[in-house]
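S.K.: Okay, handing you the structure first.
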């Protein structure tokens, strides 16, 4: 029997959880706020990692690995960064358990094994990395340092959601060091472009590139650039950030370099990251009431083939014929699964692979063999068609490309239809409560107004779009003059 | 100027540290016992990971990800496992910092943010994984589960060494669940074979496959299979382990399945892992007094090309000619670096790439161009030869294969020459103190004798080799009868 799913209209939030759990992307765990990424979800993450990793390397970065723990004295060195993360840190205070004398078979923390200095489980690695860079950098010849790390980080969130907000998550964090401010800013922008490229061309998830307001900046950054995506419920999702850190961390950790004229200066820094949160964004961009819809370029299985037969004899014939198709698909680099297992009927399999978002399903029965054709079903549009077995590999390759671009177009259309310009406070609230999506409005540029708008409407400024059009106007809340519109939304 | 290295004869241990630090594999960090894996070391690890990961997938495994933290109540569920790791655990007790009222700008652990239940930073993941498998397994149809995880783990070691023994390390841990004992044992043995295959054919590091004695078993295992390698100082290194866990974890976490006849039984388990420790073994297997020696199959750079020129004009000619060679190498899948940087002389570059263990160095000068040849130097034997530019890609491809097999042969020869059969206690001690290496000797099979031998000689039983020859004899310590020799050594 097919798994029952909540629909979006019934309960959007439950629909999301159903897809993640029943689509076998992830599972809850015994640890508060931490999830288990299941093999199917992890395979998706591996495909995303591989694409991103190649993009990082193509832009000159190398991977490295830094410690999980940050000693408290280092953690607090960059004050704003420390303040920003202090309230959500997991803290290691002891290094040994002992048997509990009052509780047979149980263990207790050994009070004699208290650490002299507490260790923070990294919520982000600027502190530990810049304390290391201090020993790596003396002169301009040591710059730039272009390093990325794939790692787990921990932020003790009070309200967690699978993928979107978990206490532990997987991510990559780039940390670069530069001789000049200009070079660091160029790096920050370059990596934002990499993220946007990845989001659009691999995840088929359109994003808006922009800059965060001062209040929404990464703690310790001079500027935070971001890509913002729009989910199907009209809420925005911050999908990736790239920070220009100025000389803040270099000053906190006393990292100086001598330039060509032997003049000492602090090093300029960037950091940038995307995480398993992207998977949450992916789910909410494309999926429907029948389950996940995955873009072909990152789908763990791009094509599933289901044989339809009666009896072992028919099965043997199909196995042989389909075996050749599978081999041809694999040779063309198509990730294909042939599901000829006996423990489920075709209908059940159809529903299962629909739920799992496999882009193309091919069904082949005895009659199809006679007619030299197969039945081909697209996950994105649910269209079915009979196509010839001749040139099937090429047909399928082309269809995968078509599905990939269709998903992006569809999401882009939805996104573009959900950017609404408003010019008054009433219009602003009506749009947020009605149509939702991004609301483009004038804001007077003060943190006070930004905070007040958030309080009153639960909407935040998602970003000031890059290359924003300058336009005279008046702040929707205060009526004070404004030079440009910014994008508001309620957000994940 | 080239970096100065301690030689093996001067101080073997310092030689090792010099190679790791100056060869830029890793660095010390600000966190006690934790290291930074530098880009060159991490690129090596990535190549090792890629090869292993493919082997795991080719044997039917999938990757997944489980939480970093283990709640204390789960950690202590399998008593032997808990007991084995209790003394080396990092423990999270709090989830928030606050500003220190007595110390401006500093933070302190917020006493009000104490966790109800402490979280153990995973030293290994059997507990958290089997608490999850309980929800995944109901019937024989859910079996086997063949899952691997790439992760960081923490074991609070008192004495640490870069790569060989660090508080945090990177590893993979396979965790499988099976319906029968036989299948679980077959899996355990299969993964041991995968490890041995990888060690020998990728790392060129010969290993002996065997079984650990009861005292050396993984805490919670019924049997621990291992691969043991021999380092150049005659000490052994446990390079990988594969555990048959019986039903111990299934019983601890109450994981039962119903078989085809609807009979309930506990699930059978295995776990197996290798870690960044392998890099320490790699360094000590092949390297020499001039630096690292890396096997071509996993070397981050397989071939370095250094131009030798006077003036920009010569350089431009070389750049063009060598550019074509580089393109041809890359097209053949050779990892090549062309180092035409101006900030070091050729002699310095030669020493640097020797230190970094690059398998082949090619030097090309103006005279070489005239003669249509290059100078080619092998890192393993230090032989130099002039070879024609015609067919250079094929020459180099073949030489990489030759170096790979030569390294394995050389290490195998050294290893085989350092397995010594002894038949008395005196001989045993003399061999350990003199020639070192593996000592093959009779042992009466008791844990008491094993412990006594360890106390007296600092040597441990590395393993009982698989397919061991049965042979009547007498224990070297007690004289009691024995049916087979086992391998002793002092070990890392």
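Residue numbers (our numbering), protein chains in the order written: chain G, 1 to 492; chain C, 493 to 984.
Cβ atoms here follow ideal geometry from the backbone N, Cα and C, with glycine treated the same way.
#1: List, in order along the chain, the chain G residues whose C-beta lies closer than 8 Å to that of residue 888 of chain C?
#2: Would you be able to state if there are at least three C-beta pairs under 8 Å between the segment 545–555 of chain C and the segment 11–27 of chain G?
#3: Would you mind reading off the limits of the alpha helix (DSSP H) that contains residue 483 of chain G?
#4: Ends of the alpha helix (DSSP H) at residue 188 of chain G?
#5: Mapping the DSSP letters down to three states, classify residue 49 of chain G as helix, strand or coil.
#6: Looking only at its chain, what residues have a beta carbon closer than 8 Å to the beta carbon of residue 651 of chain C, apart from the 5 residues adjacent to it on each side?
#7: Between the segment 837–845 of chain C and the segment 797–805 of chain C, do three or more beta carbon pairs fall short of 8 Å?
#8: Alpha carbon to alpha carbon, how far is residue 867 of chain C from residue 861 of chain C? Give it in angstroms, no decimals.
#9: Put residue 823 of chain C into one of helix, strand or coil per three-state DSSP.
#10: Taking only beta-carbon positions, decide if residue 131 of chain G is within less than 8 Å of chain C.
#11: Check whether the Cβ of residue 535 of chain C lies closer than 8 Å to any Cβ atom in chain G.
#12: Residue 797 of chain C versus chain G: which residues are under 7 Å apart at the beta carbon?
#13: With burial defined as no fewer than 16 other Cβ atoms inside 10 Å of the residue's Cβ, what is the status of residue 769 of chain C: buried or exposed?
#14: Going by DSSP in three states, residue 780 of chain C sits in which element: helix, strand or coil?
#15: Enumerate in chain order the residues of its own chain whose CB-to-CB distance from residue 496 of chain G is below 6 Å, with the five nearest sequence positions on each side excluded.
#16: Using a Cβ-Cβ cut-off of 6 Å (strictly less than) and excluding sequence neighbours within five positions of residue 694 of chain C, which residues of its own chain qualify?
#17: Which residues in chain C have a C-beta closer than 8 Å to the C-beta of residue 46 of chain G? List them in chain order.
#18: Please determine if the segment 337–344 of chain G and the segment 266–281 of chain G are in contact, where contact requires at least 3 C-beta pairs separated by less than 8 Å.
#19: Below 7 Å, is the gap between the Cβ of residue 576 of chain C and the nearest heavy atom of the ligand ZN?
#20: Which residues, in order along the segment 72–97 of chain G, keep a beta-carbon less than 9 Å from a beta-carbon of chain C?
#21: So, helix, strand or coil for residue 39 of chain G, using DSSP?
#22: Spell out a yes or no on whether the segment 207–218 of chain G and the segment 465–472 of chain G are touching, meaning 3 or more CB-CB pairs, one atom from each, closer than 8 Å.
#23: Throw me the rounded Cβ distance for the residue 928 of chain C and residue 727 of chain C pair, which I believe falls under 8 Å.
#24: Which ranges does the alpha helix (DSSP H) cover as unbroken runs of at least 4 residues, wholly within the segment 611–661 of chain C, from first to last along the chain?
#25: Helix, strand or coil: which one does DSSP assign to residue 794 of chain C?
#26: I want to verify the contact list: residues of chain C whose CB lies under 9 Å from the CB of residue 255 of chain G, in sequence order.
#27: Based on Cα-Cα distance, which residue from C:948, C:968, C:759 and C:822 lies nearest to residue 913 of chain C?
#28: Thinking C-beta only, is residue 438 of chain G closer than 8 Å to residue 487 of chain G?
#29: Please return the same chain residues whose Cβ sits closer than 6 Å to the Cβ of residue 41 of chain G, not counting the five positions on each side in sequence.
#30: With burial defined as no fewer than 16 other Cβ atoms inside 10 Å of the residue's Cβ, what is the status of residue 493 of chain C: buried or exposed?
#31: At a Cβ cut of 8 Å, what residues of the segment 11–33 of chain G count as close to chain C, listed as they run along the chain?
#32: Quick check: the segment 223–242 of chain G against the segment 121–137 of chain G, are at least 3 beta-carbon pairs closer than 8 Å?
#33: For the beta strand (DSSP E) holding residue 392 of chain G, just list the boundary residues, first then last.
#34: May I ask which residues mark the beginning and end of the alpha helix (DSSP H) holding residue 14 of chain G?
#35: Residue 492 of chain G to residue 237 of chain G, Cα distance in whole Å?
#36: Would you call the segment 609–617 of chain C in contact with the segment 640–649 of chain C, where contact means no fewer than 3 C-beta pairs closer than 8 Å?
M.R.: So, from the listed chains and residues:
#1: Counted from its first residue, the second chain places residue 888 of chain C at position 396. Simply none; closest approach about 23 Å.
#2: No: the two stretches stay apart, fewer than three of their Cβ pairs being nearer than 8 Å.
#3: In the first chain, counting from the first residue as 1, residue 483 of chain G sits at position 483. Taken as a continuous stretch (DSSP letters only), residue 483 of chain G belongs to no alpha helix (DSSP H), being part of the beta strand (DSSP E) at 481–489.
#4: Here residue 188 of chain G corresponds to residue number 188 of the first chain, with the count starting at 1. Unbroken alpha helix (DSSP H) run through residue 188 of chain G: 181–201.
#5: Translated into positions along the first chain, residue 49 of chain G becomes position 49. DSSP places residue 49 of chain G in helix when its eight states are reduced to three.
#6: By one-based count along the second chain, residue 651 of chain C stands at place 159. The answer, listed in chain order, is 657.
#7: Short answer: they touch.
#8: Stepping through the second chain from its first residue, residue 861 of chain C is reached at position 369. Stepping through the second chain from its first residue, residue 867 of chain C is reached at position 375. Rounded to whole angstroms, residue 861 of chain C to residue 867 of chain C spans 11 Å at the Cα level.
#9: To locate residue 823 of chain C, count along the second chain from 1; it is residue 331. Three-state DSSP puts residue 823 of chain C in a helix.
#10: In the first chain, counting from the first residue as 1, residue 131 of chain G sits at position 131. Yes, residue 131 of chain G counts as interfacial toward chain C.
#11: Counting from 1 along the second chain, the entry for residue 535 of chain C is found at position 43. Chain G, which has a Cβ nearer than 8 Å to the Cβ of residue 535 of chain C, makes this yes.
#12: Here residue 797 of chain C is taken as the residue at index 305 of the second chain, counted from 1. Ordered by position in chain G, no residue passes the 7 Å Cβ test against residue 797 of chain C, which lies about 19 Å from the chain.
#13: Mapped onto the second chain, residue 769 of chain C falls at position 277. Buried, by the Cβ-count rule.
#14: Taking the second chain and counting its residues from 1, the one referred to as residue 780 of chain C is at position 288. Note: residue 780 of chain C maps to strand in three-state DSSP.
#15: Since the first residue shown for chain G is 1 and the last is 492, residue 496 of chain G is missing from the structure and cannot be characterised.
#16: Walking along the second chain from the start, residue 694 of chain C turns up at place 202. Here the set comprises 543, 789 and 790.
#17: Within the first chain, residue 46 of chain G is the residue found at index 46, counting from 1. 555, listed in chain order.
#18: no
#19: You won't find the ligand ZN in this model; it holds no ligand whatsoever.
#20: 72, 73, 74, 75, 76, 79, 82, 83, 85, 86, 87, 88, 89, 90, 91, 92, 93, 94, 95, 96 and 97
#21: Here residue 39 of chain G corresponds to residue number 39 of the first chain, with the count starting at 1. Judged by DSSP in its simplified three-state form, residue 39 of chain G adopts helix.
#22: yes
#23: Counted from its first residue, the second chain places residue 928 of chain C at position 436. Counted from its first residue, the second chain places residue 727 of chain C at position 235. With a Cβ gap of about 7 Å, residue 928 of chain C and residue 727 of chain C count as contacting.
#24: 618–628
#25: The residue labelled residue 794 of chain C in the question sits at position 302 within the second chain. The answer is coil: DSSP assigns residue 794 of chain C none of H, G, I, E or B.
#26: As a working note, residue 255 of chain G is residue 255 in the first chain. Within 9 Å Cβ-Cβ: nothing; residue 255 of chain G doesn't reach chain C, min ~13 Å.
#27: The residue given as residue 913 of chain C occupies position 421 in the second chain. Checking every option, the nearest Cα to that of residue 913 of chain C belongs to C:968.
#28: Within the first chain, the letter at position 487 stands for residue 487 of chain G. Within the first chain, the letter at position 438 stands for residue 438 of chain G. A contact, by the Cβ cut-off of 8 Å.
#29: Counting from 1 along the first chain, the entry for residue 41 of chain G is found at position 41. In the same chain as residue 41 of chain G, and ignoring 5 residues on each side of it, the C-beta atoms closer than 6 Å to its own belong to 25 and 26, in chain order.
#30: As a first step, residue 493 of chain C must be located in the second chain, where it is residue number 1. Here residue 493 of chain C scores only 46 on pLDDT, less than 50, and its place in the model is too uncertain to base an answer on.
#31: 27, 29, 30 and 31
#32: Two segments are said to touch when three or more pairs of C-beta atoms, one from each, lie closer than 8 Å; by this definition the segment 121–137 of chain G does not touch the segment 223–242 of chain G.
#33: For this step, residue 392 of chain G is matched to residue 392 along the first chain. Looking at the DSSP string, residue 392 of chain G is not in any beta strand (DSSP E); the run it does join, the alpha helix (DSSP H), is 392–417.
#34: Here residue 14 of chain G refers to the residue found at position 14 of the first chain. Start and end: 12–22.
#35: Here residue 492 of chain G is taken as the residue at index 492 of the first chain, counted from 1. Here residue 237 of chain G is taken as the residue at index 237 of the first chain, counted from 1. Computed Cα separation, rounded: 5 Å.
#36: Flag = yes, the segment 609–617 of chain C and the segment 640–649 of chain C touch.
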